[in-house]
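Participant: Okay, handing you the structure first.
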Amino acid sequence: MIGSLLLATLLSPTVVAHEQKTLTVILTDDGVVAGNVTDLAFVQGNSVWFRMEDSTNNTTMVVQIDTNLDGVFNASDDFDSGELVNACELDENGSLVDETCAVSATHQFMQNATVGTYLFWVHRNHNGSQTVWNHSITVNKDVHEEDGPSPGDCFGIGCDVDEGEQGSEAEASSATDSPMVLVLAAISLIGMVALTISIATERKEDETPSMMKVPEPIVIGQFKKEEE
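Be aware that the sequence shown starts at 28, since it is given in my numbering, and climbs by one per residue.
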């Protein structure tokens, strides 16, 4: 059973999954914090989170992303955050008084999103006047690389093996075998004790004299008759 589990573990394929990451973009009255996203770590499948932090009275913001990379915003094809405010009113139960009220918006790029630079616009509206900030997000290819031999490295039969690696493997094997050896030793010890007790019991029974008295025969004439 243990061997089967170990074999299944060794034969199971290694799965490398992309860990989704979210980039925070803060919207303030002075502009956009971390406006242009150029980090190479921002790849397909990642998300961008826009948070409205402008507490100026009568101020709202809208974020629009050119997700189809055509250079312009199309309401039917591209991302629109809707109107964002700094704070939303809550009732006594902690629920939104206005369910359409929002202080942030998130857009996740698809796992197979086109690699490239996406334009986005932040529209700030204050007392009827509007300011627009233009920025961009660069989405890089999500590449999964598994550890393997480098060009020129020797691996397999006929290659020198690092003594340090051999020592580590031997120590790991020894650590794995130790619990099994202890279990087998314990089972053997219990068996020996049980066998010793059984042999001692049999010998004691053989050496104990019989308590039954054999009747002596009585001679009558030429015949012998045993007492009953």
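From the three backbone atoms N, C-alpha and C, an ideal C-beta is built for every residue, glycine too.
Any idea if D125 is buried or exposed, counting beta-carbon neighbours within 10 angstroms, 16 or more meaning buried?
Facilitator: For the purposes of this step, residue 125 is taken as residue 98 along the sequence shown, with counting starting at 1. Exposed, because fewer than 16 other Cβ atoms sit within 10 Å of the Cβ of D125.
Participant: Could you please give the first and the last residue of the uninterrupted beta strand (DSSP E) stretch that includes M88?
Facilitator: Taking the first residue of the sequence shown as position 1, residue 88 is located at position 61. T86 to I92 is the span of the beta strand (DSSP E), which, as asked, contains M88.
Participant: For Q91, which residues from the same chain have a beta carbon less than 6 Å from its beta carbon, with the 5 sequence-adjacent residues on both sides left out?
Facilitator: Locating residue 91 in the sequence shown gives position 64, where the first residue counts as 1. F100, D107 and W148.
Participant: So, using beta-carbon positions, are D105 and D118 closer together than 7 Å?
Facilitator: In the sequence shown, residue 105 corresponds to position 78, counting from 1. In the sequence shown, residue 118 corresponds to position 91, counting from 1. Not closer than 7 Å, so no.
Participant: Whole alpha helix (DSSP H) runs in the segment 96-180 with 4 or more residues, listed along the chain?
Facilitator: List check, alpha helix (DSSP H) in window: nothing returned.
Participant: Between E46 and D169, what straight-line distance do the alpha-carbon atoms span, to the nearest angstrom?
Facilitator: Mapped onto the sequence shown, residue 46 falls at position 19. Mapped onto the sequence shown, residue 169 falls at position 142. Between E46 and D169, the C-alpha separation is close to 10 Å.
Participant: Since M88 contacts S131 with CB under 8 Å, what's their CB separation in whole angstroms?
Facilitator: Residue 88 sits at position 61 when you count from the first residue of the sequence shown. Residue 131 sits at position 104 when you count from the first residue of the sequence shown. Their Cβ separation, rounded to whole angstroms, is 10 Å, which puts M88 and S131 out of contact at 8 Å.
Participant: In the DSSP assignment, the beta strand (DSSP E) including L67 goes from what residue to what residue?
Facilitator: Locating residue 67 in the sequence shown gives position 40, counting from the first residue. From DSSP, L67 is part of no beta strand (DSSP E); its letter is neither H nor E.
Participant: How is S82 classed by DSSP in three states: helix, strand or coil?
Facilitator: In the sequence shown, residue 82 corresponds to position 55, counting from 1. Looking at S82 - three-state DSSP - the assignment turns out to be coil, as it is neither helix nor strand.
Participant: Given D81, which residues of its chain have a CB within under 8 Å of its CB, disregarding the five upstream and five downstream residues?
Facilitator: Residue numbering aside, residue 81 sits at position 54 when the sequence shown is read from its first letter. Excluding residues within five positions, the ones whose Cβ falls inside 8 Å are L54, T55, D56, M88, N113 and R151.
Participant: For A68 and E116, I'd like the C-alpha separation in whole angstroms.
Facilitator: Start at 1 with the first residue of the sequence shown, and residue 68 comes out as number 41. Start at 1 with the first residue of the sequence shown, and residue 116 comes out as number 89. Distance between the alpha carbons of A68 and E116 is about 37 Å.
Participant: Among all the DSSP beta bridges, which residues are the ones paired with L54?
Facilitator: Position 27 of the sequence shown, counting from 1, holds the residue named residue 54. Answer is V59 and M79.
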